[in-house]
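In UniProt numbering, the protein residues as written are 1 to 91.
For each residue, glycine too, the CB sits at the ideal point set by N, CA and C.
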């Protein structure tokens with residue numbers, strides 16, 4: 001949506017879901033220390049928070065892989081929400 005798209009899509013919902021999961025594990029929003037414009041620029045350029053920003057030991061490799069897949073820069077590369085649900089049932 002930040003790249004000129006004015007309406008939510010299933011792919012943007014998947015991206016938002018991954019952001020929520022990141023926030024639950026890290027305790028803060030991605031790019032919380034940046035200005036809104038800097039955060040948007042980072043996202044537009046494909047920058048994502050690193051796993052090292054999450055200081056909890058219960059973040060599994062499976063969940064981190066899911067977060068990063070949902071954060072794919074190209075919306076068509078993000079998993080469908082049904083696939084996300086299937087993976088989450090394994091956690």
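Would the stretch 53-60 and the stretch 82-89 be scored as touching if the rule is three or more Cβ pairs under 8 Å?
-> The stretch 53-60, when compared against the stretch 82-89, does not touch it at the 8 Å Cβ threshold.
What's the gap between the Cα of residue 43 and the Cα of residue 71?
-> Indexing the chain shown from 1 puts residue 43 at position 43. Indexing the chain shown from 1 puts residue 71 at position 71. Straight-line Cα distance between these residues: approximately 10 Å.
Taking the CB atoms as reference points, tell me whether residue 14 and residue 78 lie closer together than 8 Å.
-> Counting from one through the chain shown, the residue named residue 14 turns up at place 14. Counting from one through the chain shown, the residue named residue 78 turns up at place 78. In this structure, residue 78 lies closer than 8 Å to residue 14 by Cβ.
In chain order, which continuous runs of the alpha helix (DSSP H) of length 4 or greater are located wholly inside the UniProt domain "Protein kinase" (1-91)?
-> Segments of the alpha helix (DSSP H) lying fully in the UniProt domain "Protein kinase" (1-91): 10-26, 36-44, 61-70 and 81-88.
How about residue 30 and residue 49: are their beta carbons less than 8 Å apart?
-> If you number the chain shown from 1, residue 30 lands on position 30. If you number the chain shown from 1, residue 49 lands on position 49. Taking 8 Å as the Cβ cut-off, residue 30 and residue 49 qualify as a contacting pair.
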